[in-house]
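Taking the working numbering, the leading residue of the sequence shown gets 6, the next gets one more, and so forth.
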Amino acid sequence: MSDSRPIVSVGRAIRGAVGFLTRIPVGGSETDWDAFRRAAYSLPVVGYLVGSLSGGVFFLPVQPPTLVAAYLGGIYLLTGVTHADGLADLGDALAVHGDADRMRAVLKDSATGVGGALLLGVTLLVMTLGVLSFAGIGSWRAFRFVVAAEVGAKLGMALVACYGRSAHDGLGAHLVDELDHRSFASAILVSLPAVAAAPDGLAVALVAAVATGPAVGLAILTWGHRELGGVSGDLLGATNEVGRALALHVGVSVWILS
6 MSDSRPIVSV GRAIRGAVGF LTRIPVGGSE TDWDAFRRAA YSLPVVGYLV GSLSGGVFFL
66 PVQPPTLVAA YLGGIYLLTG VTHADGLADL GDALAVHGDA DRMRAVLKDS ATGVGGALLL
126 GVTLLVMTLG VLSFAGIGSW RAFRFVVAAE VGAKLGMALV ACYGRSAHDG LGAHLVDELD
186 HRSFASAILV SLPAVAAAPD GLAVALVAAV ATGPAVGLAI LTWGHRELGG VSGDLLGATN
246 EVGRALALHV GVSVWILS
């Protein structure tokens with residue numbers, strides 16, 4: 006019985022992560038949620054799931070504009086708009102000229118202002134252009150880049166959660182307050198297969214794509230601690246969206262230049 010408990014706990018953590026980070030109906034429970042928020046490794050696991058499902062569109066025999074539409078539609082059908090809402094809230098906070106209390110109030114406000122709309126629009130444009138850059142690189146390479154970008158984005162979220170301190174009470178605080186820097190090692194280990202067995206010298210480019218997410222996470226973590234006194238669920242979501250969008254460009258750019 007004791008040998009099966011770690012396996013059960015891992016399964017619950019992954020189910021909790023899928024239920025929290027996606028719209029896939031997994032029927033999670035409160036126990037699954039508790040397991041998830043103690044398991045940083047479950048974040049990149051969901052990255053593999055979302056990346057594989059959304060990346061499957063690149064095997065369709067359609068033109069690049071249709072691939073872009075299918076990929077973007079697939080991403081937001083799978084994940085919903087929670088992370089995008091966090092990105093929009095961050096944009097509004099960046100547009101505020103005031104103290105930390107005012108920026109925290111803006112982050113909590115459900116209304117989207119000009120700053121939020123602009124940051125969301127620019128990020129979607131960056132992601133669209135990133136997918137268009139896949140034209141001619143082959144379906145399998147495009148698939149691997151998408152998976153690496155998604156895993157890296159989730160690894161960035163894990164970095165923010167493991168190294169951050171909560172700026173205020175909220176859903177994000179339940180994750181941030183539960184994890185610490187020691188938990189991040191498990192997330193890194195789970196992310197390593199995203200760069201394994203890389204075809205045609207793609208390894209360095211995949212490493213760059215995965216590393217982009219934590220780089221974005223570090224930047225947002227630093228900003229949050231400096232300007233807000235901590236991080237929130239909105240910053241976790243923003244890390245995911247910006248990390249994914251930039252990773253698509255970084256991965257392809259490194260592959261072309263290498």
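Glycine included, every Cβ here is placed at the ideal spot set by N, Cα and C.
Rounded C-alpha distance that separates residue 178 from residue 253 = Across the structure, residue 178 and residue 253 are spaced so that their CA atoms are roughly 29 Å apart.
DSSP-derived helix/strand/coil call for residue 236 = Under the three-state reduction of DSSP, residue 236 is assigned to strand.
Excluding sequence positions up to five away, which residues of its chain have a Cβ less than 6 Å from the Cβ of residue 204?
-> In its chain, beyond the 5 residues on either side, no residue has a beta carbon closer than 6 Å to the beta carbon of residue 204.
Terminal residues of the continuous alpha helix (DSSP H) containing residue 123?
-> First-last of the alpha helix (DSSP H) with residue 123: 119-137.
Per DSSP, what kind of secondary structure is residue 258 in: helix, strand or coil?
-> If DSSP states are grouped into helix, strand and coil, residue 258 belongs with the helices.
In this structure, what does DSSP give as the bridge partners for residue 57?
-> The bridge partners DSSP lists for residue 57 come to none.
Decide if residue 88 is buried, meaning its Cβ has at least 16 other Cβ atoms within 10 Å, or exposed.
-> Classification for residue 88: buried.
Please determine if the stretch 181-201 and the stretch 35-53 are in contact, where contact requires at least 3 C-beta pairs separated by less than 8 Å.
-> Contact holds: three or more Cβ-Cβ distances are below 8 Å.
Between the C-alpha atoms of residue 39 and residue 17, what's the straight-line distance to the nearest angstrom?
-> Here the C-alpha atom of residue 39 lies approximately 9 Å from the C-alpha atom of residue 17.
Any Cβ of chain B within less than 8 Å of the Cβ of residue 215?
-> Chain labels in this structure do not include chain B; a single protein chain is all it has.
Assigned exposure category for residue 246 - 16 Cβ within 10 Å defines buried | That one is buried.
Can you list, in chain order, the residues of its chain whose CB lies under 6 Å from that of residue 29, leaving out five sequence neighbours each side?
-> Correct list, in chain order: 23.
Have a look at residue 244 and residue 237 and give me their C-alpha separation to the nearest angstrom.
-> Taking the straight line from one Cα to the other gives about 11 Å.
Are the Cβ atoms of residue 95 and residue 124 separated by less than 8 Å?
-> Contact flag set, yes.
Please classify residue 196: does DSSP put it in a helix, a strand, or coil?
-> Helix.
Would DSSP call residue 14 helix, strand or coil?
-> If DSSP states are grouped into helix, strand and coil, residue 14 belongs with the helices.
Coil, strand or helix - residue 115 by DSSP = Looking at residue 115 - three-state DSSP - the assignment turns out to be coil, as it is neither helix nor strand.
Specify, as a first and last residue, the run of the alpha helix (DSSP H) that residue 70 falls within.
-> Element bounds for residue 70: 69-84.
Under 8 Å Cβ to Cβ from residue 171, same chain only, skipping five residues before and after it: list those, please.
-> Excluding sequence neighbours, residue 171 sits near 177, 178, 181, 182, 235, 236 and 237.
If we count the other Cβ atoms within 10 Å of its Cβ and call it buried at 16 or more, is residue 113 buried or exposed?
-> Burial call: exposed.
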